[in-house]
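A.B. asks: Pasting a structure here, questions to come.
In this note's numbering, the protein residues as written are 45 to 597.
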């Protein structure tokens, strides 16, 4: 657990900070911290007079004192409102990732080392004074030889080693807490640390951030809703990112936006549209949409648009989760709680043996109070959080991507109501999701899917009769044997029924598809052309639909 003297010393220092802010419940979560009781007794002057401050604020102040890595860890914890008490989550959300800048000369050295040329050759000018500074990197402005204005993001020197040290220490603390803390096995602090480790090491790689930005830019090419700055790939390495410099009004400066003549209602609704487009059309969304990462282009105030910054955190969902999320949202829009419950079971988000009526009652208990509020107070981000809490009671472990989706939706709704307090999120969301689902699952998309999959199906067609014959032969001879735990028998039966339905759809679909293709290929006289062609077309389309449905299920 505690591997080195240095790590032990660092842990004692953290213990002292927690003690100073009277965070006794955190100190006593592990047996290792119990010696701190003696220190508190013999050094009472070391404890700050913070008795009038709530525990969430005391924890925020302590994390600030521990350093920037702990600040970022606190920010991540604040997003896990399905597990963390609301008072703590609210306070930790106020943590600011701000640290003193490192010298500009050092930034120039890192750029030159990464790109292999002197800064004077790479840029027409390079401002050694940083524009912004954070725990992972800092940003400098520059001008390229072709006069393009850019920003240069440079990873902080030595940060990887510091992060590794603190991650190892956090994991040691989490393991102790999981072992000795009364609720440790439920909250699973080691999972927090693993999520954080993945997230923060991804942020250290500037080429990953550049890839994220490029992908989002391609998705919104030509959009009048959202602009993504251009990435200058020849200047991007693991420690350096060079991106187009953009100008706009920070979205948090509501008065400046009003003074510029921006249509605030339109801007707020557009934010909802951008969110649903990123998630449900593209399945790639900016997962760090806090006010500091959004500008507004007001060059045309009546048609103002968003500008996104900082692409270190983007997320996507599995195709199955994306499907079930969209179906859940549509069911919630219609207050169809039975369907929400059934979808949770079908998706595997709750145990398969969960009673639908019990889950429906729990979903209704969180849904109806939300929908009974005034329209401008309904929040699907909060409703999604409450559904996570319901699912958690039914023994579900929430995936990090779904947490990021909920956090992003909550941020977008909050920003929208900052811009336009009367924003009706339901009225703005429902048509956007329905439009995207129609486009994604309509006849044009089905035809596109068919065109893409047809060559693969045709290549496998010659093998299908033999495979089907072998399968049926084994079944007839009773040689299809599987070992099933009696406890899993009902789940096995359910999956077997689903597999049988998929198999029948595939067989019938294949037969119809290929017989239709044969009919369409017949050379017939004019008196037979209509009947055979129509039959062939109908068989082909029906067969393709059955195979697509079998594949999706």
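We treat Cβ as the ideally placed atom computed from N, Cα and C, and that holds for glycine. Predicted model only: the values in this text are computed from it and were never measured.
Please go through the same chain and pick out, in chain order, the residues whose beta-carbon is closer than 6 Å to the beta-carbon of residue 114, but skip the five residues on each side of it.
C.D. replies: So the qualifying residues of the chain are 107.
A.B. asks: What does DSSP give as the partner residue(s) for residue 239 in the beta ladder?
C.D. replies: DSSP, once it has assigned bridges, lists no residue as partnering residue 239.
A.B. asks: Since residue 382 sits in a beta bridge, which residues does DSSP pair it with?
C.D. replies: Residue 382 is not bridged to any residue.
A.B. asks: Span of the beta strand (DSSP E) holding residue 186?
C.D. replies: Note, residue 186: beta strand (DSSP E), 181-187.
A.B. asks: Is it the case that the Cβ atoms of residue 148 and residue 172 are separated by a distance below 8 Å?
C.D. replies: Contact: yes.
A.B. asks: Under the rule that 16 or more other beta-carbon atoms within 10 Å means buried, what is residue 557, buried or exposed?
C.D. replies: Note that residue 557 scores 49 on pLDDT, short of 50, meaning its location in the model is unreliable; the coordinates nonetheless yield the value given after this. It is buried - the Cβ of residue 557 has at least 16 other Cβ atoms within 10 Å.
A.B. asks: Does the Cβ of residue 62 have 16 or more other Cβ atoms within 10 Å, making it buried, or fewer, making it exposed?
C.D. replies: Buried is the call here.
A.B. asks: Work out the CA separation of residue 249 and residue 241 for me, nearest whole Å.
C.D. replies: If you take the alpha carbons of residue 241 and residue 249, they lie about 13 Å apart.
A.B. asks: Measure the alpha-carbon distance for residue 430 versus residue 410 and round it to whole angstroms.
C.D. replies: Their Cα atoms are separated by approximately 7 Å.
A.B. asks: Is the region 250-268 in contact with the region 292-312, if contact means three or more CB pairs nearer than 8 Å?
C.D. replies: No, they do not touch.
A.B. asks: Bridge partners of residue 330, per DSSP?
C.D. replies: The partner list for residue 330 (beta bridge, DSSP) reads 358.
A.B. asks: When DSSP builds the beta bridges, which residues end up paired with residue 469?
C.D. replies: Paired residue(s): none; residue 469 is not in a bridge.
A.B. asks: Would the beta-carbon of residue 112 fall within 8 Å of that of residue 143?
C.D. replies: In this structure, residue 143 lies closer than 8 Å to residue 112 by Cβ.
A.B. asks: Can you say whether residue 343 is buried or exposed, counting buried as having 16 or more other CB atoms within 10 angstroms of its CB?
C.D. replies: That one is exposed.
A.B. asks: Could you tell me which of 310, 380, 418 sits nearest to residue 400, measuring between CA atoms?
C.D. replies: Minimum Cα distance to residue 400 is reached at 380.
A.B. asks: Can you name the residues that DSSP bridges to residue 176?
C.D. replies: DSSP output for residue 176 lists 183 as bridge partner(s).
A.B. asks: Does the region 357-367 come close enough to the region 270-282 to have 3 or more Cβ pairs within less than 8 Å?
C.D. replies: Verdict: no, contact absent.
A.B. asks: Can you tell me whether DSSP reads residue 276 as helix, strand or coil?
C.D. replies: Coil.
A.B. asks: Helix, strand or coil: how does DSSP classify residue 294 here?
C.D. replies: Three-state DSSP puts residue 294 in a strand.
A.B. asks: How would you label residue 174, buried or exposed, when you count the other beta carbons within 10 angstroms and need 16 or more for buried?
C.D. replies: So residue 174 counts as buried.
A.B. asks: With DSSP as the reference, label residue 569 as helix, strand or coil.
C.D. replies: Its pLDDT being 44, under 50, residue 569 is placed unreliably in this model, and the coordinates cannot settle the point.
A.B. asks: Pop quiz: residue 330 and residue 352 are said to be a contact at Cβ under 8 Å. What is the actual Cβ separation, rounded to whole angstroms?
C.D. replies: At roughly 6 Å, the Cβ-Cβ gap stays under 8 Å, so residue 330 and residue 352 are in contact.
A.B. asks: Roughly how many angstroms separate the alpha carbons of residue 154 and residue 197, rounded to a whole number?
C.D. replies: Residue 154 and residue 197: Cα-Cα distance of roughly 11 Å.
A.B. asks: Whole angstroms are fine: how far does the CA of residue 210 sit from the CA of residue 52?
C.D. replies: Straight-line Cα distance between these residues: approximately 12 Å.
A.B. asks: Once the 5 residues before and after residue 426 are set aside, which same chain residues still bring their CB inside 6 Å of it?
C.D. replies: Once the five neighbours on either side are set aside, residue 426 has no close Cβ partner at all.
A.B. asks: Have a look at residue 472 and residue 212 and give me their C-alpha separation to the nearest angstrom.
C.D. replies: Straight-line Cα distance between these residues: approximately 45 Å.
A.B. asks: Buried or exposed for residue 515, going by 16 or more other Cβ atoms inside 10 Å?
C.D. replies: Flag for residue 515 reads exposed.
A.B. asks: For residue 232, does the three-state DSSP call read helix, strand or coil?
C.D. replies: If DSSP states are grouped into helix, strand and coil, residue 232 belongs with coil.
A.B. asks: Should the region 199-210 be regarded as contacting the region 94-105, the criterion being three or more beta carbon pairs within less than 8 Å?
C.D. replies: Too few Cβ pairs lie closer than 8 Å, so no.
A.B. asks: Using 8 Å for Cβ pairs, my map puts residue 184 next to residue 158. What's the rounded Cβ distance?
C.D. replies: About 13 Å separates the two Cβ atoms, so there is no contact after all.
A.B. asks: So, using beta-carbon positions, are residue 428 and residue 445 closer together than 8 Å?
C.D. replies: Not a contact, by the Cβ cut-off of 8 Å.
A.B. asks: Report yes if the CB atom of residue 348 is closer than 8 Å to the CB atom of residue 394, and no otherwise.
C.D. replies: Not in contact: residue 348 and residue 394 (Cβ atoms no closer than 8 Å).
A.B. asks: DSSP state of residue 352, grouped into three classes?
C.D. replies: Here residue 352 sits in strand by DSSP.
A.B. asks: I believe residue 333 touches residue 452 by the beta-carbon criterion, under 8 Å. Please report the beta-carbon distance rounded to the nearest angstrom.
C.D. replies: Residue 333 to residue 452, Cβ: 6 Å. Contact.
A.B. asks: Determine whether the beta carbon atoms of residue 327 and residue 366 lie at a separation below 8 Å.
C.D. replies: Yes, these two residues count as a Cβ contact at 8 Å.
A.B. asks: Count the other CB atoms, across all protein chains shown, that sit within 10 Å of the CB of residue 510; report buried if there are 16 or more and exposed otherwise.
C.D. replies: Per the 10 Å Cβ criterion, exposed.
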